[in-house]
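Here the structure is laid out as structure tokens; the discussion comes afterwards.
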Amino acid sequence: MRVVVCILWLVCAACLARASDYYNVLGVDRRASAREIKSAYRRIARAIHPDKHPDKAAEFMELSEAYQVLSDETLRNVYDTQGADAAKQYQSHQSNGGGRPQSAYDLFSQFFGGTAPDETPKGPRKIYEAELSMQEIYNGRQFPLVFDRNVVCPQCMGSGAASSAHIHTCTTCNGGGVQIVRQQIMPGFVTNMQVTCQTCGGAGKMIQKVCARCKGEKIVVDEAEIEVSIDAGARDGAEYVFEGMSDQSPDTDAGDIAVIVKTVSMPGDFRRNGHNLYYTMPISLEEALFGFTHRLTHYDGHTFTVQRTGVTQPGHVVLIIDEGLPIAPDDREAAQGETHGDLFVTLNVVLPETRGSRRKALQEALVQHGQAHTEL
Numbered sequence: 004m005r006v007v008v009c010i011l012w013l014v015c016a017a018c019l020a021r022a023s024d025y026y027n028v029l030g031v032d033r034r035a036s037a038r039e040i041k042s043a044y045r046r047i048a049r050a051i052h053p054d055k056h057p058d059k060a061a062e063f064m065e066l067s068e069a070y071q072v073l074s075d076e077t078l079r080n081v082y083d084t085q086g087a088d089a090a091k092q093y094q095s096h097q098s099n100g101g102g103r104p105q106s107a108y109d110l111f112s113q114f115f116g117g118t119a120p121d122e123t124p125k126g127p128r129k130i131y132e133a134e135l136s137m138q139e140i141y142n143g144r145q146f147p148l149v150f151d152r153n154v155v156c157p158q159c160m161g162s163g164a165a166s167s168a169h170i171h172t173c174t175t176c177n178g179g180g181v182q183i184v185r186q187q188i189m190p191g192f193v194t195n196m197q198v199t200c201q202t203c204g205g206a207g208k209m210i211q212k213v214c215a216r217c218k219g220e221k222i223v224v225d226e227a228e229i230e231v232s233i234d235a236g237a238r239d240g241a242e243y244v245f246e247g248m249s250d251q252s253p254d255t256d257a258g259d260i261a262v263i264v265k266t267v268s269m270p271g272d273f274r275r276n277g278h279n280l281y282y283t284m285p286i287s288l289e290e291a292l293f294g295f296t297h298r299l300t301h302y303d304g305h306t307f308t309v310q311r312t313g314v315t316q317p318g319h320v321v322l323i324i325d326e327g328l329p330i331a332p333d334d335r336e337a338a339q340g341e342t343h344g345d346l347f348v349t350l351n352v353v354l355p356e357t358r359g360s361r362r363k364a365l366q367e368a369l370v371q372h373g374q375a376h377t378e379l
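Quick note on this note's numbering: the sequence shown kicks off at 4 and runs consecutively.
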């Protein structure tokens, strides 16, 4: 008889040991409320999802299995009293006469998919301004962006505790996060008011020993690096967004990083307006009267010609097709097949400073071109 009792005790102990596994997986106390279990699942699932951490696929499946059991009151009771095998057997027959349990990825989508009613909000967006010269805008640029960001502590998975054994339900609010207090609003009138629990700060649980890595802050600072590739001809103000690369917390998904293009022009640069370029080129009085040919070097090193024959009026604009900025891929549809903008060159006639010097320059120009006039 004593042997039978011992065997039964060992079986029960084994069941209880296995029953505690799911609680450990979720990092919650065995007395945890449904709200605490749900919160723990959300927090850990975001931190170890295989899309971001392929090496944690097994942990993710185990986490989902634990949540499916402990989030169902009946399954949880079966698990606590009879063990994991009994819970799985019950689970396989409880819906639609034997339907399969929900997959780990379906469960995650239910929580975090775009149409989920309790979609987790994103963390704040971080904006970085990329100041690029006209040459960099013309040719495009690639560069690494290194920055610090907050991430959920990988040691405690955002619980802030040294282990799940150090997390306990707040005895003041019984895990609800709020207290009911009586307050006199006027002589003879007393009302009950709901206030945030002063003991746990509204968390519903207390941490007996904090995580050694994050010191109970639930997040740690991590250095991240992204490779930024700015397209040739990128518009001023164009945004390059890197999703999920900014700060995260136990209550929010990682925000986005946005790199915004800012064109920085230097004296002598071509000026931009959209994908067109503008340039003011000085010419002499002689060139204004008799024409000229100038070779200019573009930002990628190739040369092109600005040419005039005959008389050029001050302020005349020469249009050079396809010598503007390249049209970035995102803008090509609107450009209707064009690959480059155009270049507009405004000709600025530079006159000698004095009347005498102007007369001399004009006479020399006429002589040089075989059109000397004695009356000048």
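Glycine included, C-beta positions come from ideal geometry on N, C-alpha and C. Since the structure is predicted, the reported quantities are computational estimates derived from the model, not experimental observations.
{"Item": "Below 8 Å on the Cβ atoms is my contact criterion, and I expect serine 232 with lysine 129 to pass it. Report the Cβ-Cβ distance as a whole number of Å.", "Value": "That belief does not hold up - the Cβ atoms of serine 232 and lysine 129 are roughly 18 Å apart, past 8 Å."}
{"Item": "Distance check for tyrosine 131 and arginine 335, CA to CA, integer angstroms please.", "Value": "25 Å"}
{"Item": "Give a yes or no on whether the C-beta atoms belonging to glycine 178 and serine 36 are separated by under 7 Å.", "Value": "yes"}
{"Item": "From this set, Gly30, Glu341 and Gly207, which residue's C-alpha is nearest leucine 73's C-alpha?", "Value": "Gly30"}
{"Item": "Over what stretch of residues does the alpha helix (DSSP H) that includes threonine 174 continue unbroken?", "Value": "No alpha helix (DSSP H) contains threonine 174, which DSSP labels as neither H nor E."}
{"Item": "Short of 7 Å in beta carbon distance, which residues of its chain neighbour histidine 171, apart from the five on each side in sequence? Order them along the chain.", "Value": "Asp32, Lys208, Met209 and Gln211"}
{"Item": "Using DSSP with H/G/I as helix, E/B as strand and the rest coil, what is isoleucine 51?", "Value": "helix"}
{"Item": "Note the first and the last residue of the continuous alpha helix (DSSP H) segment covering leucine 292.", "Value": "288-293"}
{"Item": "How would you call glutamine 94, buried or exposed, if buried means at least 16 neighbouring beta carbons within 10 angstroms?", "Value": "buried"}
{"Item": "What residue range does the alpha helix (DSSP H) around threonine 77 cover?", "Value": "76-85"}
{"Item": "Which whole-angstrom value describes the C-beta separation of alanine 50 and methionine 189, a residue pair presumed to lie in contact below a C-beta threshold of 8 Å?", "Value": "Contact doesn't hold; Cβ gap of about 50 Å is too wide."}
{"Item": "Between leucine 328 and glycine 240, is the Cβ-Cβ spacing less than 7 Å?", "Value": "no"}
{"Item": "Pull the bridge partners of arginine 185 from the DSSP assignment, please.", "Value": "Asn195"}
{"Item": "Alpha carbon to alpha carbon, how far is aspartate 234 from threonine 266?", "Value": "13 Å"}
{"Item": "DSSP three-state label for serine 42, please.", "Value": "helix"}
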